[in-house]
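Notes follow once the structure below has been shown.
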Amino acid sequence: MRMVSGDELLGVAVAALRAVGVPEASATAVAGSLVRSNLVGHDSHGVRRLVQYAGDVRGGKVDPLAVPEAERTRPGTVVVHGRRAFGQLAAGRAVTELLDARHGSGVAVIRDCNHVGRLGEYVAELAGHDLVAMAFGNADPTVAPFGGRERRLGTNPLAWAVPRAKGKPPVVMDWATSVVAEGKLAVARDRREPVAEGLVLDADGRATTDPGDFYRGGVLLPFGGHKGYGLSVLIEIVGGLLTGTGIGSMPGYTGDFGTVLVAFAIDAFQPADEFRAHTEEFCRALNETPPAQGHHEVLVPGEPEERTRVQRERDGIPIPDSTWQELHALHEE
Ligand SMILES: NC(=O)c1ccc[n+]([C@@H]2O[C@H](COP(=O)([O-])OP(=O)(O)OC[C@H]3O[C@@H](n4cnc5c(N)ncnc54)[C@H](O)[C@@H]3O)[C@@H](O)[C@H]2O)c1
16 MRMVSGDELL GVAVAALRAV GVPEASATAV AGSLVRSNLV GHDSHGVRRL VQYAGDVRGG
76 KVDPLAVPEA ERTRPGTVVV HGRRAFGQLA AGRAVTELLD ARHGSGVAVI RDCNHVGRLG
136 EYVAELAGHD LVAMAFGNAD PTVAPFGGRE RRLGTNPLAW AVPRAKGKPP VVMDWATSVV
196 AEGKLAVARD RREPVAEGLV LDADGRATTD PGDFYRGGVL LPFGGHKGYG LSVLIEIVGG
256 LLTGTGIGSM PGYTGDFGTV LVAFAIDAFQ PADEFRAHTE EFCRALNETP PAQGHHEVLV
316 PGEPEERTRV QRERDGIPIP DSTWQELHAL HEE
């Protein structure tokens with residue numbers, strides 16, 4: 016493990032993308048998004064993805080020169096055509112469209128979208144403009160339905176963000192609807208660490224703590240039993256079908272990420288400053304909740320990432336030696 020500053024990691028990540036033919040501006044945008052995931056502690060969606068992304072470029076899944084385009088269909092709705100560009104560019108375009116004055120409240124549906132990374136990044140940006148924002152998307156099937164033992168659903172992430180007081184990062188709830196994101200299993204496998212019980216079943220449908228069992232034909236489980244399962248079903252249908260991506264485990268699935276962003280302007284309903292003030296008061300009350308046995312504090316969603324960001328900007332980002340070597344190997348290709 017080595018500690019690397021955000022700036023150094025960005026330089027290495029940009030160079031890795033440039034080496035597979037990604038133009039400077041796109042490389043900087045994609046690498047910037049990955050490094051921000053590392054900075055906030057979501058290493059599963061950080062620079063380790065570059066090996067996968069370089070393979071996607073070489074295999075033709077990602078067109079490194081493509082530029083996403085937007086088509087307004089009706090007031091308040093926009094279709095962003097990813098054109099098989101990096102998903103971060105398509106999602107970035109969707110954010111720009113929703114921020115457009117005419118789309119301050121609206122829904123952006125992304126077609127031909129590649130992996131967008133951490134959804135929290137996009138909803139946080141929208142919340143920074145006095146919007147309530149939500150994002151979700153389906154993905155390749157890796158998760159069993161509640162009670163089942165075969166892959167029928169993606170890890171189907173869901174994110175929401177709302178603004179807090181001015182100058183404070185927003186409330187950001189952002190997670191996979193599986194108990195854990197697949198990338199976190201890969202991180203545990205790379206570190207040769209077991210995972211907690213209740214995350215994975217092996218290929219025979221038995222509970223296991225070996226992350227390797229997932230990669231040998233096992234399944235991830237939905238979080239929260241039938242409740243997380245239900246959310247995932249809805250994301251699979253709405254994300255998969257509105258975007259034309261299809262449902263991951265059904266015929267006709269394109270292998271894209273069926274990503275949808277929704278944003279609405281707070282001041283269409285309430286004065287934004289009042290909304291922020293009440294949200295801030297509520298967050299303070301949450302923080303002041305006496306901790307239960309086994310806990311030492313109560314946090315608001317988004318706060319763990321913000322703490323990690325402050326700490327990693329100060330101390331650096333821990334990068335496993337294997338990831339560091341893989342990134343440098345990409346430069347030499
Ligand atoms: N693009 C894709 O296909 C895809 C698929 C799956 C997941 N993802 C991304 O993976 C990332 C990680 O997902 P995950 O399921 O591992 O997330 P996670 O289980 O780490 O949960 C993160 C969320 O929980 C909140 N949280 C964590 N601890 C908390 C605490 N003690 N108190 C209050 N809130 C707390 C965080 O602020 C954050 O909102 C997400 O950013 C998600 O968007 C992307």
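Numbering (the working numbering), first residue to last: 16 to 348.
Idealized CB from N, CA, C, for every residue including glycine.
By how many angstroms is the C-alpha of R17 removed from the C-alpha of D336?
As a first step, residue 336 is located in the sequence shown; it is residue number 321 there, counting from the start. As a first step, residue 17 is located in the sequence shown; it is residue number 2 there, counting from the start. Within the model, the alpha-carbon separation for D336 versus R17 is close to 7 Å.
G102 in three-state terms, based on DSSP
Numbered from its first residue, the sequence shown carries residue 102 at position 87. In this structure, G102 counts as helix in the three-state DSSP scheme.
Using the Cα positions of F290 and T224, report the straight-line distance between them to the nearest angstrom.
As a first step, residue 290 is located in the sequence shown; it is residue number 275 there, counting from the start. As a first step, residue 224 is located in the sequence shown; it is residue number 209 there, counting from the start. One C-alpha to the other measures close to 43 Å.
Can you list, in chain order, the residues of its chain with a C-beta nearer than 6 Å to that of V35? Leave out the 5 residues immediately preceding and following it.
Locating residue 35 in the sequence shown gives position 20, counting from the first residue. Excluding sequence neighbours, V35 sits near A69 and V72.
Please specify which runs of the beta strand (DSSP E), each continuous and at least 3 residues long, are wholly inside the region 268-312, giving them in chain order.
274-280
N-terminal and C-terminal residue of the alpha helix (DSSP H) that H346 is part of
The sequence position of residue 346 within the sequence shown is 331, counting from 1. First-last of the alpha helix (DSSP H) with H346: D336 to H346.
Tell me the DSSP secondary structure of S193 in three-state form.
By one-based count along the sequence shown, residue 193 stands at place 178. In the structure shown, S193 sits in a strand (DSSP, three-state: E or B).
Taking 7 Å as the line, does the beta carbon of G311 fall inside it for any heavy atom of ligand 1?
In the sequence shown, counting from the first residue as 1, residue 311 sits at position 296. One detail in the question is off: residue 311 reads as His in this sequence, not Gly. In this structure, the C-beta of H311 stays at least 7 Å away from each heavy atom of ligand 1.
For the alpha helix (DSSP H) containing F229, list its first residue and its last residue.
Working through the sequence shown from its first residue, we reach residue 229 at position 214. Residues P226 to Y230.
Roughly how many angstroms separate the alpha carbons of T88 and R133, rounded to a whole number?
For the purposes of this step, residue 88 is taken as residue 73 along the sequence shown, with counting starting at 1. For the purposes of this step, residue 133 is taken as residue 118 along the sequence shown, with counting starting at 1. In a straight line, the C-alpha of T88 is about 27 Å away from that of R133.
Less than 7 Å between C-beta atoms, sequence neighbours within five positions excluded: which residues of the same chain meet that for G121?
Locating residue 121 in the sequence shown gives position 106, counting from the first residue. Excluding residues within five positions, the ones whose Cβ falls inside 7 Å are G91, T92, V93, L113 and A278.
Taking only heavy atoms of ligand 3 into account, decide whether any of them is closer than 7 Å to the Cβ of L314.
No copy of ligand 3 occurs in the structure displayed; its ligands are ligand 1 alone.
With A40 as the anchor, note down where its alpha helix (DSSP H) starts and where it stops.
For the purposes of this step, residue 40 is identified with residue 25 of the sequence shown, where counting begins at 1. Segment E39 to L54, the alpha helix (DSSP H) holding A40.
Between the C-alpha atoms of K76 and C128, what's the straight-line distance to the nearest angstrom?
Numbered from 1 along the sequence shown, position 61 holds the residue referred to as residue 76. Numbered from 1 along the sequence shown, position 113 holds the residue referred to as residue 128. When rounded, the separation of the alpha-carbon atoms in K76 and C128 is 10 Å.
Member of F101, H130, E140 and A100 whose CA lies at the smallest distance from the CA of V110:
Walking along the sequence shown from the start, residue 110 turns up at place 95. Among F101, H130, E140 and A100, the Cα nearest to that of V110 is on E140.
Residues bridged to P237 [DSSP beta-bridge criterion]:
Within the sequence shown, numbered from 1, the residue matching residue 237 stands at position 222. According to DSSP, P237 bridges with S193.
From L146, L236, A123 and A150, residue whose alpha carbon lies closest to that of D282
The sequence position of residue 282 within the sequence shown is 267, counting from 1. Nearest option by C-alpha distance: L146.
Can you give me the C-alpha to C-alpha distance between H241 and R329, rounded to a whole angstrom?
Sequence index remark: in the sequence shown, residue 241 carries index 226 (1-based). Sequence index remark: in the sequence shown, residue 329 carries index 314 (1-based). Roughly 41 Å between the two C-alpha positions.
Once you ignore the five residues that flank A106 on each side, which residues in its own chain have a CB closer than 6 Å to its CB?
Residue numbering aside, residue 106 sits at position 91 when the sequence shown is read from its first letter. Excluding residues within five positions, the ones whose Cβ falls inside 6 Å are V131 and Y137.
Opening and closing residue of the alpha helix (DSSP H) in which A34 lies
Taking the first residue of the sequence shown as position 1, residue 34 is located at position 19. G21 to A34 is the span of the alpha helix (DSSP H), which, as asked, contains A34.
Per DSSP, the bridge partner or partners of F151
Here the question's residue 151 lines up with position 136 in the sequence shown. F151 pairs with L173 and V275.
Expressed to the nearest angstrom, what Euclidean distance is found between the alpha-carbon atoms of L104 and V234?
Here residue 104 refers to the residue found at position 89 of the sequence shown. Here residue 234 refers to the residue found at position 219 of the sequence shown. Between the alpha carbons of L104 and V234 lies a distance of about 30 Å.
Output the distance between the C-alpha atoms of R206 and P226, rounded to the nearest integer angstrom.
What you label residue 206 is simply residue 191 of the sequence shown in a count that begins at 1. What you label residue 226 is simply residue 211 of the sequence shown in a count that begins at 1. Roughly 10 Å separates the two Cα atoms.
DSSP three-state label for T323, please.
By 1-based counting over the sequence shown, the position of residue 323 is 308. Helix.
Please confirm whether N53 and G47 have their CB atoms less than 8 Å apart.
Translated into the one-based positions of the sequence shown, residue 53 becomes position 38. Translated into the one-based positions of the sequence shown, residue 47 becomes position 32. In this structure, G47 does not lie closer than 8 Å to N53 by Cβ.
By a C-beta neighbour count over all protein chains shown, 10 Å radius and 16 as the cutoff for buried, is M149 buried or exposed?
Within the sequence shown, the letter at position 134 stands for residue 149. When all chains shown are included, M149 counts as buried.
Confirm, please, whether the CB-CB distance from L49 to A42 is below 8 Å.
Numbered from its first residue, the sequence shown carries residue 42 at position 27. Numbered from its first residue, the sequence shown carries residue 49 at position 34. No. Outside cutoff.
To the nearest angstrom, how far is it from the Cα of V187 to the Cα of R51?
For this step, residue 187 is matched to residue 172 along the sequence shown. For this step, residue 51 is matched to residue 36 along the sequence shown. Each residue's Cα considered, the two are about 15 Å apart.
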